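Q: Using the numbering used here, read the sequence shown as starting at 204 and increasing by one per residue.
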Amino acid sequence: MDNQVDIDNLCEGMKEMFINHALGRQISNGLDVEEVSNNSNLAMKVRSFIDTALTNNMNNELQSLNEVNPHNWQMYASRIARTILESSQMSCTQENLNNMLETCTQELITRFSHHFENYDFSSGSHQRNLLPIDAGNDAAVSVSDQPIGGDLSSLLRPHNFAELAQSISLKTPLYVRVQSLNILLSSQISDAISSNHWESIQKCLQVALCDESFEVFQLGLQMHAKLVQSSIPEATKESFLNTLESLCQHYHLRKSDFQEILFQVPSHFRMIRMCSLLLIIIKDLTLNLPRFGEKRLIDMIENFVHLLTIQGNKNTTNVSPYNFLACLDPDANWIDSFIQSASSRRLLLGKLSENNTFISIAVQDTMDWLKNPSLPTDESGLLNDYLQGKITKNVVRFSNFLHGLSLISKICSFESGLTMFPVMLNKTETVRLQDITEMVLRFLNEQQLIEERMEVVFSDSLTKLLVSAAVSLMKIKENQNSQLLQIVFEPLARNPITPLYHTVLLLDMLAKLPEGPQNCFFRYGAHNRKKILVVSPSSADVSQRRSVGKDVKSVHERQNSLNASFCPMKIFINCIIKLLNNRELRNMALTAKLLDIGANILRLHEGIAILELNKCQLLNVALSVYEELTALSRSQGGDNILVERNCYLLYSSLQNFIIKVGTTPLGFSMLVTECPSAVTNCLLNKLEQLDTPWECPDWRIFVTYCVASQNDDKVIGEQALAKSQLLDLWAALEVETDSTIDIDERKQQLFTVMATCASCLQGVMAIVNHANDADNTDDYNGSDDTITEQLFEYRPTTANEILSKKSLLEIISCDYRVQETVLTVLNIFTAQLNCALYLQAKLQIQELLLAQQKSSRIDESSDTVIIDECSLLRHEILERSHHVSAAAAAPPKLYFALPCGPVERRQRPRTGKHGGCGELARFVQETRSGLHDATWLKQARKAYRAGCVAGDEIKCGLFVDLVSLVQKTTTVGDTGNCLKWPTVEQVERVVLLSEEEIGVQLVIRYGLNHRLLQSSQHNSENLSLLLRMTKLLFGKVEQETFTGFDWFLSTIFLISSGNVERCQNILSVLVTMPCIMIIWPRYAEFQSHKTDAFGHLLESLISYEAPLAFNALRMGGVSWWQVCRAWLTECCWRLMSCRDVCGWLTFLVLHSSAEYSLYALAAILLHSHKTLLQRANQLTLWTMITNPPDRLSMNDLLPHIDKLWKRYHSGLLPLLISSTVGSAH
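#1: Would you mind sorting I501 into buried or exposed? The rule is 16 or more other CB atoms within 10 Å of its CB.
#2: Going straight from the alpha carbon of G1179 to that of I1269, what length do you get?
#3: State whether the region 1183-1201 contacts the region 1373-1386, with contact taken as three or more CB pairs (one from each stretch) at a distance under 8 Å.
#4: Across which residues does DSSP place E632 in a beta bridge pair?
#5: Return yes when the Cβ of L1301 is within less than 8 Å of the Cβ of L1257, no when it is not.
#6: Can you say whether F617 is buried or exposed, counting buried as having 16 or more other CB atoms within 10 angstroms of its CB?
#7: Once DSSP output is grouped into helix, strand and coil, what is the label at R1342?
#8: I need the straight-line Cα distance from I1014 to G1319, nearest angstrom please.
#9: Please classify K1183: does DSSP put it in a helix, a strand, or coil?
#10: With a CB to CB cut of under 6 Å and the five nearest residues on each side skipped, what residues in its chain are close to I336?
#11: CB C413 to CB H455, shorter than 8 Å?
#12: Considering Cα atoms alone, identify which of E1288, S1260, H1292, F1251 is closest to L1273.
#13: Going by the DSSP bridge assignment, what does R1060 pair with across the sheet?
#14: According to DSSP, simplified to helix, strand and coil, what is I464?
#15: Near F541, what residues of its chain come up, given a Cβ to Cβ distance below 7 Å and the 5 sequence neighbours on each side ignored?
#16: Closer than 8 Å is the cut-off here; do at least three beta carbon pairs connect the region 624-640 with the region 694-702?
#17: How many Å lie between V738 and K773 at the Cα?
#18: How many angstroms separate the CA atom of H471 from the CA atom of P524?
#19: Look at the alpha carbon of L1376 and the alpha carbon of F905, and state the distance between them as a whole number of angstroms.
#20: Look up L807 in the DSSP assignment and say whether it is helix, strand or coil.
#21: How far does the alpha helix (DSSP H) with H427 in it extend, from its first residue to its last?
#22: Taking the alpha-carbon positions, what's the I1282 to N803 distance?
#23: Would you list the one or two residues that DSSP bridges to K593?
#24: Short of 8 Å in beta carbon distance, which residues of its chain neighbour S1223, apart from the five on each side in sequence? Order them along the chain.
#25: Are there 16 or more other CB atoms within 10 angstroms of the CB of A1153, so buried, or fewer, so exposed?
#26: Which residue from I919, L1011, K1008 puts its Cα closest to that of V967?
#27: Are the beta-carbon atoms of A438 and I392 separated by less than 8 Å?
#28: Under 8 Å, with one C-beta from each stretch per pair, do the region 599-611 and the region 475-488 reach the 3-pair mark?
#29: Which term fits A365, buried or exposed, when burial requires 16 or more other beta carbons within 10 angstroms of its beta carbon?
#30: Could you tell me the distance, in whole angstroms, from the CA atom of E898 to the CA atom of T666?
#31: Which residues in the same chain have their Cβ closer than 6 Å to the Cβ of N603, if we skip the five residues on either side of it in sequence?
#32: Just how far apart, CA to CA, sit W1139 and H1372?
#33: Below 8 Å between beta carbons: does that hold for V1127 and L1076?
#34: Please report the residue range of the alpha helix (DSSP H) in which Y908 lies.
#35: Under the rule that 16 or more other beta-carbon atoms within 10 Å means buried, what is T1042, buried or exposed?
#36: Am I right that A1366 and H1403 are in contact with their C-beta atoms under 8 Å? What's the rounded C-beta distance?
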C-alpha cells in the first residue's frame, strides 16, 4: 500500500470532520458518527483497507473447506473467525493501519494552520465550543463569549496535564476553567490517571462539583461520569467518593427550610443530578464487582452508608440526600445490586449493623406513614407538580415510606438483616419486625376503606410494591405465627365472596414454603388427631411485648379482641366453597388461584385430615362443579364453550385440584368415595389431550392410584398410551448421530410412562386385554415362514401394540434397538409376580422368549446363545417368571429351554452355645413348657434380635413352634373358629383360574428349589386345595377375572412343608393378630378393610424421617405406599431371600401390633435411601418396580425400626394406628 498517496485523501477527511465540529455543525456532545464519520473520506478509506484484508483471508479459508451444509456451517464460521483473528496477517494489518493513521495525523498537524488561515473565528457569537453543554442560570460568563486563545492546532497535540491541572483550579478565570474541563473531557482517561498530576486534577474535579458556576458543575459531573464509564476500579472509586462528598457539602452549606424538592433551587437540582449519578455508579459497580478489591468496596460502602444517615436537626425540615435517593428510587433497587453478590451483601449488611441509624430512619419513615397515610390526590395533580418543577412534601414523605419499606423487606430476607431488629425509636419506642408486618397487612386489608376516605385509587404499581414487601416479610419464620395469620385471613373471614388480591398472593406464598402449611394452615395435637390447634405465643414473644410502644400496643389490643377460636383452614375452605357456589365472572381468576393453593396444601398428607374435619364438604362442592363443567364441555363442543363462558381457568384448576388431592392414599380414597365418575372423567380428559402431562410427577402418582382402582383401569387400556413417546423415540433412532443423549432421554420418557401404567396388575391387564382382544393370533406360531420383508421396518406406535402377541412374535426380525425397547417394556410389565402369571396365561411369554433365544444361537447345531442386550433381557424375564429369582449380573450361560432351576446355596446355620440353631431356637426350646405371658414375649424379642445380629437362620419349624407359643400370650378367646375352613367335599366345585394354576406350579418349583418341600405329586394338589378353600371361604367362587395370586397363603404353605392342616392352624392363629390386615391382602379384602389409612400414615412418617428420599420419590412420580403394597402382595418374595422372608414373618409374629409393620416398611426406605437417591439423580426411579433394592435382611432393618419405635410409640402415631385397626375389626 502506498502510504504517501493516501495521506492526502485521509487528511482531507480528518480536516472535514474537524471543521464540521469546530463550526458547531454537531449538536450532540460528541461526533455524530452516523452523519459524518460513515460518509467521510477517512472512514471510507479505513473501511476499505480493513475489508480488503479480511476478504483476502476469508477467501483463503473458504477454499480449504469441505462441503458446507445446514448442520455444520456455524462450526465452520466460528473456526474461520477464530483463525483470522489469531493469524499473523491480521496482526500485520492492524499494525499497518495504526502506522497509516499516525502518519496521517502528523501530516495533518503540519498542514493545519494553512487550512484555517483565512477563517475568522472571532466573529459570530453563535459558534459553539468543542463539547457544547447547556449552561445554567448561575453561569457567570458563557464560554462562547470568550475568545479562543492560541492556535487551534494545539488541540490536536498531546494534552499537557500539568497545564490542565493549573487551568482547572479556582485561581483561573471561569472561561479558562470551562475550556480546560472540555479539553480534559476529550482526553483519554487512562492517560490522565497515569500522569503525575492526576492527584491535583482529582482535587480540582471535586471542587468543580461544588463550584458556583453551573457550567463548571455540569462539566465536572460529566467528567465523573466518564471516569465511571472507563471501568477502571480506582477511577470509579474516586468518582463515587467525590460525588458523595459533594452531596454532603451541598447539604451542609446550602441548607434551606424547604420541605419540598424544587428544581429551580440550584442546590436541589445539583443534588438530583449527583444522586442520579450515584445510582448509576452503584449499578455499574456491582456488575464489575470482581475487578474491585474488597478494600475499595469497604471504603465506598462505608461512605455511602454515612451519606444515607445524614439527617437535619430536629428544628429544621431540610431535605436530605436520603430523601433525594428515595424519590429517585422508591423501590430501593440500588440495594438489589449489592445483595446479589455474597461479598458485597456481607459488607453492606455488616456496615448497616454497625450503623443502625440507617435502619432507624427507614423504620421511622415507614411507621410514620402507616400511622397517618397520605397519597397524592390524583395523577393529574402529581403531573402538574412535576411540570412546575417541584416534588411536594406529600410525595417526598410517600417516597420515603416506599423506599424504607422496600429496604426493610429486602434486608430482612437474610439472617444478618434480621439481627438489626428490634429497632429503638426516640429512645422510648421499640419496633419489632412483626409490628411492621402487622401494620402493612392491616393497611392492605383496609385498602378499600382508605381509598374511599382519601378519595384516591391505589395504582397497580403501588399495590404490587406493598404486596411484594408483605410477601417478603411473611416469608420470615418468626412472622408465621397465629397473630399475623389471623390478619392475613381476616379479609376471607369478613367477605369470602370477594377475596383481596394480596390475600391470595400471601396464601400462595405460605402454601409453597417448605414448612408453610404445617406452621401456617394447620397443626396437630397428640390427644386429638383431627383437631386443628393454634399454637400460643412463645415466652420470648411475651417478653418482647412488654417493651412495645404505645402505638404498637394499641394494635395488639385490637388483635386480642378478635375471636380466639381462629381456624385458618376452616376460613380458607369456607371461602373456596362459597366462591365455587357463587361463581361470579369477576372472581373466576381468584377462585382458580385459591383452588391451586388448596391443591398444594391438600396434596400434603397432613392436609387430608382437614377434608375429614370438614366432612368432605369441599370435595363434594369441587367435584360437583367439575362434573357440571365436564358435562357442559362434552355436550356443547369441547373446551371452547368453557372458554367462551370464562370457565376454562376454573375447570383447569379443578382438574389440578383433583389430581393433587389424589396423590395421597387417603386423598384418592376419599375422591373415589365421594364421586368416582369425577375421577374417571379427570383421568380420561387428561389422557385424551395431545400433551398428556406425563412429565408431571403428581400426574404419574395419580395415574398409579387410578390403575389400581377397579373403576378406572379400563380407561387406561382404551387409550393410545405412550404414542407421542414412541414416535419421538423412533424419530430419534432414524437420525444417524454419534450422540446417544437424545435417544436415552426418549427411552427414559417411554419407560417412565410404561412403569406408571404397569404399577399394578389391573393396569397391565387393561392394556394387554385391549391389545389382544381384537388380534387374531392363531395364525402366528413363531415360525420363520410368517416373517416378511416388511417386518424389518416394524415400529409399534402405542403401548397396546407393544404388548400384543403379534408384536412379540414379529419383534425378533426387527432392528435390535426396537427389540431392546420392546423387551424392556415387557420386562417392566412382568416385574410383579401377578403380572408375570397373567402374561404367561394370556400370551405364553415364556414360550415366545425361549423361541427367540433359540433363534439367537451361534448356529442351529450349537447350544450357545449369543449374549447381547436383548438376550440378557429375555433371560431376566424368564428367570423371574419361572423361579422367582433375579438374573445374575453376568450369567454364565443363557438357555433356550426351561431348566429345573438352581438350588439356592444357603449359608450354614450358626450353632449356638447350647447346641441349638440360634438364640431364638434355644430360647424357644428352653421355655416351651413355662409360662407364656408378656414378659416371655419381651424376652423372645430380645432373643430374636440377638439371633439377627449373629446371622442365625429362622427355620420353618421354629416359626411353626413360635406361632403356637405366641398364641398363648394373647387375650383372644377361642381362635379355632376364626376361619371356618370348608371341607374337601365342599370345594370340589371350585375351579382355579389358569393364572392360579400357573402360580401353583411356580410356588411348588420355588419350594423345591429352596428345599422347603419334598418332591411329591401331592404338593400341587394340597396347595390347589388350600386355594380353593380360601376362594370358597372368601366368596370368590364365581370369580372369572384374575385379581391376583395368594402369595401369603402360599408362603405359609411352604413354611408348613406342604401340610394342609398345619397351614390352616397357622393361618387361624395369624388372623387374630392386628398386622394380618397388612400382610394378607386377600383376607383384608374379605373383611372389607381398606389399607389407605395405613398407607397414608406410612408416607406421612417417611416424609418426616427421610424428607430427601421422600421428595425424590414424589418428584420421580413414585408412591412409596404403592411400591410397598406391591411387595406386600407378593409377601416380599422379590424383596428378600427365602430365609429372610421367614425372618420377616417371625418379626411380625413377635411384634404383632400394626405399628411395627409401619416401622418396618419405613425402615426399608431409611436403609436404602442412598440407592434411591442415586436412581433419582439418574432419572431411573421407575426401576424400583423391575429392580427392587438389594436383598434385605431383618438385621438391616432392626436399627431403624427401634429408632422409630422410640420416637413414636408414645406419641400420636400409635393412637392413629390403633383407631384404624379397631375400626377394621
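Ideal placement from N, C-alpha and C gives every residue a C-beta, glycine not left out.
Just so we're clear, the structure is a prediction, and the values are computed from it rather than from any experiment.
A: Here's the rundown:
#1: exposed
#2: At G1179 the pLDDT is 44, less than 50, meaning the model places this residue with poor confidence; the figure from the coordinates comes in the next sentence. Each residue's alpha carbon lies about 10 Å from the other.
#3: No contact exists between the region 1183-1201 and the region 1373-1386.
#4: L628
#5: no
#6: Counting Cβ neighbours within 10 Å, F617 comes out exposed, since fewer than 16 surround it.
#7: helix
#8: 30 Å
#9: coil
#10: Caution applies to I336, whose pLDDT of 31 falls short of 50 and renders its modelled position unreliable; the value that the coordinates give is listed next. Q421.
#11: no
#12: F1251
#13: V1068
#14: strand
#15: T489, S547, R548, L551
#16: no
#17: Reliability fails at V738, whose pLDDT of 30 lies under 50, so the model's placement of it is uncertain and the value that follows must be treated cautiously. Approximately 16 Å between the Cα atoms of the pair.
#18: P524 has its alpha-carbon roughly 10 Å from the corresponding atom of H471.
#19: Taking the CA atoms as reference points, L1376 sits about 22 Å from F905.
#20: coil
#21: 417-432
#22: 32 Å
#23: L465
#24: V1203, Q1204, I1207
#25: With a 10 Å radius around the Cβ and a threshold of 16 neighbouring Cβ atoms, A1153 comes out exposed.
#26: Nearest option by C-alpha distance: I919.
#27: yes
#28: no
#29: It is exposed - the Cβ of A365 has fewer than 16 other Cβ atoms within 10 Å.
#30: E898 and T666 have their C-alpha atoms roughly 36 Å apart.
#31: A529, D568
#32: 35 Å
#33: no
#34: 900-911
#35: In the sequence as presented, Thr is not what sits at residue 1042; that position holds Leu. When all chains shown are included, L1042 counts as buried.
#36: 4 Å
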